[in-house]
Amino acid sequence: MALGLALLAGGSVTACDNSGSGGGRSPGRAGVSPSPRTTPAQELCARVVGYWSRKVLDSDTYGDYQTMGLSNGQYEILRSVVDAARAVKRRQGAEAADQLIDRRAHEGCADWYRTGGPSNGPWQ
21 MALGLALLAG GSVTACDNSG SGGGRSPGRA GVSPSPRTTP AQELCARVVG YWSRKVLDSD
81 TYGDYQTMGL SNGQYEILRS VVDAARAVKR RQGAEAADQL IDRRAHEGCA DWYRTGGPSN
141 GPWQ
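No gaps in the numbering here: position 21 of the sequence shown is 41 in my numbering, and each next residue is one more.
Here is the structure:
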């Protein structure tokens with residue numbers, strides 16, 4: 021019990037050492053940084069669709085959307101993006117397909133969120 025009281029007393033003494041001799045900023049606030057920004061859901065959608073589109077671009081199949089962590093709506097965007105990217109890759113090369121993936125993933129997710137995006141159900 022004596023050790024607990026000693027620790028408590030020592031903690032309160034050091035916590036109260038705020039004499040004001042520092043140049044106006046309190047020591048406790050010097051290292052505070054702003055909260056991190058949250059990424060909008062539409063941007064997260066575009067990132068995940070773009071990521072998985074690149075992964076399946078050279079495959080014969082699209083893979084399982086649940087394994088990818090995609091919703092049904094995101095998976096439909098992915099299928100559309102990959103179909104277009106495969107055609108562009110054959111005609112114009114990998115770099116053009118990569119650019120198309122970014123553009124179409126952003127467009128598809130923007131459209132999806134403009135019309136309501138995912139619902140509370142698992143199949144949307």
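Glycine residues also receive a C-beta, built at the ideal position from the N, C-alpha and C atoms.
* State the Cα-Cα distance for the pair Q119 and R57, rounded to the nearest angstrom. => Taking the sequence shown and counting its residues from 1, one reaches residue 119 at position 99. Taking the sequence shown and counting its residues from 1, one reaches residue 57 at position 37. So the two alpha carbons sit approximately 26 Å from each other.
* Asked: Do A125 and G89 have their C-beta atoms within less than 8 Å of each other?
  -> Taking the first residue of the sequence shown as position 1, residue 125 is located at position 105. Taking the first residue of the sequence shown as position 1, residue 89 is located at position 69. Not closer than 8 Å, so no.
* Asked: Given Y85, which residues of its chain have a CB within under 6 Å of its CB, disregarding the five upstream and five downstream residues?
  -> In the sequence shown, residue 85 corresponds to position 65, counting from 1. Once the five neighbours on either side are set aside, the close Cβ partners of Y85 are Y95.
* To do: Using beta-carbon positions only, say whether R123 and L77 come within less than 8 Å of one another.
  => Within the sequence shown, the letter at position 103 stands for residue 123. Within the sequence shown, the letter at position 57 stands for residue 77. Their beta carbons are not under 8 Å apart, which means R123 does not touch L77 by this criterion.
* **Check: S73 C-beta below 7 Å from any heavy atom of the ligand ZN** => Annotation note on the ligand ZN: not contained in the displayed structure, which lists no ligands.
* To do: Compute the Euclidean distance between the alpha carbons of S53 and S73, then round it to the nearest angstrom.
  => By one-based count along the sequence shown, residue 53 stands at place 33. By one-based count along the sequence shown, residue 73 stands at place 53. Approximately 36 Å between the Cα atoms of the pair.
* Using the rule of at least 16 other Cβ atoms within 10 Å of the residue's Cβ for burial, across every protein chain shown, is A66 buried or exposed? -> Taking the sequence shown and counting its residues from 1, one reaches residue 66 at position 46. Buried, since its Cβ has 16 or more Cβ neighbours within 10 Å.
* Does the Cβ of K75 have 16 or more other Cβ atoms within 10 Å, making it buried, or fewer, making it exposed? -> Position 55 of the sequence shown, counted from the start, is the residue given in the question as residue 75. K75 should be labelled exposed.
* **Three-state secondary structure (DSSP) of S79** => Indexing the sequence shown from 1 puts residue 79 at position 59. DSSP places S79 in coil when its eight states are reduced to three.
* Going straight from the alpha carbon of C129 to that of L98, what length do you get? -> Here the question's residue 129 lines up with position 109 in the sequence shown. Here the question's residue 98 lines up with position 78 in the sequence shown. Straight-line spacing of the CA atoms in C129 and L98 works out to 10 Å.
* Asked: Excluding the five sequence neighbours on either side, which residues of its own chain have a C-beta within less than 8 Å of the C-beta of G93, listed in chain order?
  -> The residue you call residue 93 lines up with position 73 of the sequence shown. Closer than 8 Å at the Cβ level, and outside the excluded window around G93, lie W132, G137, P138 and Q144.
* Asked: alpha helix (DSSP H) containing L120: first to last residue?
  -> Taking the first residue of the sequence shown as position 1, residue 120 is located at position 100. Start and end: A114 to R134.
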